[in-house]
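Please read the structure below before turning to the comments.
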Amino acid sequence: MSHRPMFLHGLLALGVLLAAAPAARAWDEDSPNLAWSNNKSSVTPEGNLSLHGDFSNECVTATLDKMPAHEFLQISVQLLILRSWDGLARTNGGGRMGPDFFRMGLDDGRTLAHACFSNTPVLAGFTPAAAWQTYPSPVPGDRVPYMTGSDFKNTFGYTFPKEGNQPPIIVRQDALYTLKMTVPHTGEKVALKFSGMGLQDISDESWGVTAVRIVPRTRNQMGMQGYGEKDLYDTFIDGDGNEYKILSAPSYGRLLQTAAGRDAMAANEAFWKLVAAGDGTAAYLAKAVKPVAVDSAKIAALAAPLYEDAPPTDETDARIQALVKLGVTAEPVLRDQRIDRNEVPARLDWALMEAGVMPVEDADVRQWIVATRILEAIGTAEAKKARAGLIAAPKK
34 MSHRPMFLHG LLALGVLLAA APAARAWDED SPNLAWSNNK SSVTPEGNLS LHGDFSNECV
94 TATLDKMPAH EFLQISVQLL ILRSWDGLAR TNGGGRMGPD FFRMGLDDGR TLAHACFSNT
154 PVLAGFTPAA AWQTYPSPVP GDRVPYMTGS DFKNTFGYTF PKEGNQPPII VRQDALYTLK
214 MTVPHTGEKV ALKFSGMGLQ DISDESWGVT AVRIVPRTRN QMGMQGYGEK DLYDTFIDGD
274 GNEYKILSAP SYGRLLQTAA GRDAMAANEA FWKLVAAGDG TAAYLAKAVK PVAVDSAKIA
334 ALAAPLYEDA PPTDETDARI QALVKLGVTA EPVLRDQRID RNEVPARLDW ALMEAGVMPV
394 EDADVRQWIV ATRILEAIGT AEAKKARAGL IAAPKK
């Protein structure tokens, strides 16, 4: 964030919405036996909360090995967004400042969270666009007020700027979010990958995580967890005589409509219910969602020079802008390109961020892009097949 508050004199704490600070938390709130690629840790200035971090644009991995046989993973992470995240703002008139993104994914390439966050208050002297974020909406480009969905706001003592002006100004800027999801998974080993994207110096914008939990579950252990009274179920009996409840078709339709809707909190909840339903959701989306014409070859050709971490050139910048003009339809192809690479160049992620802040107004396209994201998070063979079917070749 290169901007500074300009006339906030006389205020010692701005944008503060105090909540009772949580009790001190220890590392034992992580799942046992998690192995971290970066062991950096710290304690919040206030609230005595231990966290992994803080970090900036690097990728940090938490790996859990030797898991018992399972069909799902229940994942829970407390994410701290620290200091002056600028949300959807690109510039403040004097230099680049955003958008500011956080990504969480799995080592098989699935993206579980790719969202823009903001800690910027709606106050004179701050860039207005910086007060909007995309989280918790699963639809790219949705404008959601800063800190929406957070459990604690401006509670842990992080401030910006450190040195302040004259007289000193203290702007409290931190938010804690609880990310919870259930995803299909069967492997013995899994790694969660966390990264910031587009962030400035770590003293300006950073993030941390705590209470990282990965719990393997069988279908029988899952039961009916996480579903609401409005959801309808059919009874299913497998080859071994075990009885399960699965979402019925009317619930799929209602949840998809909600996930693509304008209520960001309800949309996020509906999104993860559909992911947890796995192949049942995949089969429904393959039939219910209209494919969108996407020129995958053109997008791949434009993205090709972005795969190398060479210094930026006018040509590569022009290619990113050409991808941005294609709008949200470029996102699924760019995500596929990202999955195919072990080391992801920053410029490829920058193209994804730009696609992730493009507003989507058309109702059918909103359902389509949400469906592609749901199917990616499910990640089964059935889901991959359904997702490929939604990305139609353009008519000649």
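Taking my numbering, the leading residue of the sequence shown gets 34, the next gets one more, and so forth. Using N, Cα and C, we set each Cβ at its ideal position, and we do this for glycine too.
Counting only the same chain and skipping the five closest in sequence on each side, list residues whose C-beta sits under 6 Å from that of Gly142. Reading the sequence shown from its first residue, position 109 is the one you call residue 142. Ile372.
Looking at Glu79: is its Cβ nearer than 8 Å to the Cβ of Gly190? Sequence index remark: in the sequence shown, residue 79 carries index 46 (1-based). Sequence index remark: in the sequence shown, residue 190 carries index 157 (1-based). In this structure, Gly190 lies closer than 8 Å to Glu79 by Cβ.
Please classify Lys323 as buried or exposed, where buried requires at least 16 other C-beta atoms within 10 Å of its C-beta. As a position in the sequence shown, residue 323 is number 290, starting the count at 1. With fewer than 16 other Cβ atoms within 10 Å, it is exposed.
One question on the structure: do Val31 and Met137 come within less than 8 Å of each other, judged by their Cβ atoms? For residue 31 there is no data in the structure shown, the boundaries of the chain being 34 and 429.
For Ala148, which three-state DSSP category applies? By one-based count along the sequence shown, residue 148 stands at place 115. Strand at Ala148.
Could you work out which residue in Ser70, Gly389, Tyr317 and Gly241 is closest to Thr211 when comparing CA atoms only? Looking up residue 211 in the sequence shown gives position 178. Nearest C-alpha to Thr211: Gly241.
So which of Ala157, Ser151, Gly158 and Arg123 has the shortest CA-CA distance to Trp165? Reading the sequence shown from its first residue, position 132 is the one you call residue 165. Of Ala157, Ser151, Gly158 and Arg123, the residue nearest in Cα terms is Ser151.
With a cut-off of 8 Å on the beta carbons, I'd call Ile108 and Ile235 a contact; round off their distance for me. Position 75 of the sequence shown holds residue 108. Position 202 of the sequence shown holds residue 235. About 26 Å separates the two Cβ atoms, so there is no contact after all.
Just mark Ser75 as buried or exposed, buried being the case when its beta carbon has 16 or more other beta carbons within 10 Å. Locating residue 75 in the sequence shown gives position 42, counting from the first residue. Exposed, by the Cβ-count rule.
Are Val216 and Ala384 closer than 8 Å when you measure CB to CB? Residue numbering aside, residue 216 sits at position 183 when the sequence shown is read from its first letter. Residue numbering aside, residue 384 sits at position 351 when the sequence shown is read from its first letter. No, the Cβ-Cβ distance between Val216 and Ala384 is not below 8 Å.
So, helix, strand or coil for Arg287, using DSSP? Mapped onto the sequence shown, residue 287 falls at position 254. Under the three-state reduction of DSSP, Arg287 is assigned to helix.
In chain order, what residues of the same chain lie with their CB nearer than 6 Å to the CB of Leu225, ignoring the 5 residues before and after it? Translated into the one-based positions of the sequence shown, residue 225 becomes position 192. Take Leu225, set aside five residues on each side of it, and the residues of its chain with a beta-carbon closer than 6 Å to its own are Ala95, in chain order.
With DSSP as the reference, identify every bridge partner of Lys186, one or two as the case may be. Here residue 186 corresponds to residue number 153 of the sequence shown, with the count starting at 1. As computed with DSSP, Lys186 is found in a beta bridge with Ala208.
State the beta-bridge partners of Pro217 as determined by DSSP. Translated into the one-based positions of the sequence shown, residue 217 becomes position 184. Beta-bridge pairing links Pro217 to Phe105.
Smallest Cα separation from Met386: which of Phe227, His85, Trp69 and Arg368? For the purposes of this step, residue 386 is taken as the residue at position 353 of the sequence shown. Here the closest residue by C-alpha is Arg368.
May I ask you to verify whether the segment 397-407 touches the segment 313-330, counting CB pairs closer than 8 Å and requiring at least 3? Counting Cβ pairs under 8 Å, three or more are found: they touch.
So, for Tyr285: in the same chain, excluding its five sequence neighbours on each side, which residues have a beta-carbon less than 6 Å away from its beta-carbon? By one-based count along the sequence shown, residue 285 stands at place 252. Excluding residues within five positions, the ones whose Cβ falls inside 6 Å are Tyr317.
Is Thr219 buried or exposed, if buried means 16 or more other CB atoms sit within 10 Å of its CB? To locate residue 219, count along the sequence shown from 1; it is residue 186. That one is exposed.
Checking the sheet assignment: what are the DSSP bridge partners for Leu97? As a working mapping, residue 97 is identified with position 64 in the sequence shown. DSSP, once it has assigned bridges, lists Val223 as partnering Leu97.
What is the DSSP secondary structure of Arg116, counted as helix, strand or coil? Mapped onto the sequence shown, residue 116 falls at position 83. Reduced to three states, the DSSP call for Arg116 is strand.
Considering only their Cβ atoms, is the gap separating Ala300 from Val172 smaller than 8 Å? Your numbering for residue 172 matches position 139 in the sequence shown. Your numbering for residue 300 matches position 267 in the sequence shown. Yes, the pair counts as a contact, with Cβ atoms nearer than the cut-off.
What span of residues does the alpha helix (DSSP H) with Ser329 cover, start to end? Working through the sequence shown from its first residue, we reach residue 329 at position 296. Segment Ser329 to Ala336, the alpha helix (DSSP H) holding Ser329.
For Gln111, which beta-bridge partners are listed by DSSP? As a first step, residue 111 is located in the sequence shown; it is residue number 78 there, counting from the start. Per DSSP, the beta bridge partners of Gln111 are Thr211 and Thr243.
For Thr362, write down the residues that DSSP places opposite it in a beta bridge. Here the question's residue 362 lines up with position 329 in the sequence shown. For Thr362, which the question treats as bridged, DSSP gives no partner whatsoever.
What does the Cβ neighbour count give for Glu238, buried or exposed, with the cut at 16 atoms within 10 Å? Counting from 1 along the sequence shown, the entry for residue 238 is found at position 205. It is buried - the Cβ of Glu238 has at least 16 other Cβ atoms within 10 Å.
Residue environment, Arg205, which counts as buried when at least 16 other CB atoms sit within 10 Å: For this step, residue 205 is matched to residue 172 along the sequence shown. That one is buried.
Only counting the same chain, and skipping five residues up and downstream in sequence, which positions put a Cβ closer than 7 Å to that of Ala336? Indexing the sequence shown from 1 puts residue 336 at position 303. Correct list, in chain order: Leu356, Leu367, Gln370, Leu381 and Ala384.
As a quick exercise: from Ile424, Gly422 and Ala68, pick the residue whose alpha carbon is nearest that of Lys222. In the sequence shown, counting from the first residue as 1, residue 222 sits at position 189. When only C-alpha atoms are compared, the closest one is Ala68.
Any heavy atom of the ligand GDP closer than 7 Å to the beta-carbon of Ala421? In terms of ligand content, the structure shown is empty, and the ligand GDP therefore cannot be addressed.
Which stretch, first to last residue, makes up the alpha helix (DSSP H) that contains Val308? In the sequence shown, the residue the question calls residue 308 occupies position 275. For Val308, the enclosing alpha helix (DSSP H) starts and ends at Ala297 to Ala309.
Residue from Lys358, Trp305 and Phe193 whose Cα sits closest to the Cα of Leu106: As a working mapping, residue 106 is identified with position 73 in the sequence shown. Checking every option, the nearest Cα to that of Leu106 belongs to Trp305.
How is Pro249 classed by DSSP in three states: helix, strand or coil? Numbered from its first residue, the sequence shown carries residue 249 at position 216. Pro249 falls in the strand class under three-state DSSP.
Go ahead and pull the three-state DSSP assignment for Thr192. Within the sequence shown, residue 192 is the residue found at index 159, counting from 1. Three-state DSSP puts Thr192 in a strand.
Mind checking Gln233: buried by the 16 CB within 10 Å criterion, or exposed? For the purposes of this step, residue 233 is taken as residue 200 along the sequence shown, with counting starting at 1. Gln233 should be labelled buried.
Cα separation between Glu415 and Leu156? In the sequence shown, the residue the question calls residue 415 occupies position 382. In the sequence shown, the residue the question calls residue 156 occupies position 123. Approximately 48 Å between the Cα atoms of the pair.
Taking the straight line between their C-alpha atoms, what separation do you get for Thr362 and Val327? Residue mapping note: residue 362 aligns to position 329 of the sequence shown, counting from 1. Residue mapping note: residue 327 aligns to position 294 of the sequence shown, counting from 1. Answer to the nearest angstrom: the Cα atoms are 6 Å apart.
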